[in-house]
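Chains as they are written, first to last, in this note's numbering: chain A, 3 to 94; chain B, 69 to 205.
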Amino acid sequence: MSTVKIPPVLRDAVGGRRELEVEGATVSEVLERLYADHPGVREQLMTPEGELHRFVNVYVNDEDVRLGEWLDTPLSDHDTVMILPAMAGGAR
Amino acid sequence: MILRRELADELIAHANDDLPNECCGMVAGKNGSATRVLRATNSEGSPFMYVMDPQEQLRMMDDIDDAGEDLLAVYHSHTRSVAYPSRTDVELAFFPKTLYLIVSLADRDAPDIRAFRIDRTADPDEAIDEEPVEITT
Numbered sequence: 003m004s005t006v007k008i009p010p011v012l013r014d015a016v017g018g019r020r021e022l023e024v025e026g027a028t029v030s031e032v033l034e035r036l037y038a039d040h041p042g043v044r045e046q047l048m049t050p051e052g053e054l055h056r057f058v059n060v061y062v063n064d065e066d067v068r069l070g071e072w073l074d075t076p077l078s079d080h081d082t083v084m085i086l087p088a089m090a091g092g093a094r
Numbered sequence: 069m070i071l072r073r074e075l076a077d078e079l080i081a082h083a084n085d086d087l088p089n090e091c092c093g094m095v096a097g098k099n100g101s102a103t104r105v106l107r108a109t110n111s112e113g114s115p116f117m118y119v120m121d122p123q124e125q126l127r128m129m130d131d132i133d134d135a136g137e138d139l140l141a142v143y144h145s146h147t148r149s150v151a152y153p154s155r156t157d158v159e160l161a162f163f164p165k166t167l168y169l170i171v172s173l174a175d176r177d178a179p180d181i182r183a184f185r186i187d188r189t190a191d192p193d194e195a196i197d198e199e200p201v202e203i204t205t
C-alpha cells in the first residue's frame, strides 16, 4: 500500500481525508484505484479525453515522476505519492 | 472579497515588477478578507502564460495552512489584456473553490483587479462566475 497525500483542493472528493492508503504497483494503478473509489477526483484531474492532465504534478517521495517513468513509476510499500494540480493559466 | 488598499497596491507592484512577463502568487485570507500577498515565481517567464513554481506553490500552501489562514485567491497578471479569464485560465483552473484574481495592466495608468470563481469541469457558459473585489482603506 502506498500513502497518497491529498491536497486541500481534492479533500472534498475523498470525504475530507488528508491521506489515503491505496493499493497499486505503479502510479497509474494507484490513480486508477483512487478514481474508482472517489470518482470526483477523476473529474478534477483528467482531461475530457480521459488522460491525466499535463498540468497535474505527481511526486513519489518528493521526486517529480514526470522526470522519470511518469505513470509507470513503480511503487512499493511505504512510498508516498503526492498529487499537486498546478496553479497556471495565461492571457491567451 | 475584501482587499485592503495596501494589498491591492502590492498586487499591482508585483505585476509591474515582473513586466514584461506575467506574475503570479497567492492571497491568504480569513473570512473572505485578504490578510497578505505571497509572491511566487512564474516558472514560464512569459508575457502570455504563468505556471507557478511547484515547489514554491507547495511551500506557500503549507505556510498558509500552518498560519491558520485560507488560500483566498490565486493571482496572476494580464500585461496587455483585460482582467477577465482567458480560455487558458479556465482550462487550467484546478481550484474551483479558490478565487482567481487577475491584475490587468492593459491600461498602465489605471490597473484593474477582478476576481472570479472558475470551474473547469462546468459547461463553458457557466464556468466563470465573477465575485466583487471590495478595496478598502
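Positions of the beta carbon are idealized from the N, C-alpha and C atoms, including for glycine.
All values derive from a computational prediction rather than experimental measurement.
Of the candidates B/Glu202, B/Val171, B/Pro179 and B/Glu194, the residue whose Cα lies closest to the Cα of B/Gly93 is B/Val171.
The three-state reading of DSSP puts A/Tyr37 in helix, counting H, G and I together. Around the CB of A/His80, fewer than 16 other CB atoms lie within 10 Å, so the residue is classed as exposed.
For a Cβ distance threshold of 9 Å, nothing in chain B lies close to A/Gly52: the least Cβ distance comes to about 13 Å. Only buried fits A/Ser4, as 16 or more other CB atoms lie within 10 angstroms of its CB. B/Arg148 reaches chain A at Ala93, counting residues in chain order whose Cβ is nearer than 8 Å.
Along the length of the stretch 92 to 166 of chain B, whole beta strand (DSSP E) runs at least 3 residues long occupy 92 to 98, 101 to 108, 117 to 119 and 138 to 146, reported in chain order. Beyond the five residues adjoining it in sequence on each side, B/Val119 comes within less than 6 Å, by CB distance, of Ser111 and Glu112 in the same chain, given in chain order. By the neighbour-count criterion, in which a residue is buried when 16 or more other Cβ atoms sit within 10 angstroms of its Cβ, B/Thr147 is buried.
For B/Met129, the closest Cβ of chain A is nearer than 9 Å. Between the alpha carbons of A/Ala38 and A/Pro87 lies a distance of about 19 Å. For B/Val171, the pairing in a beta bridge is given by DSSP as B/Ser145 and B/Ile181.
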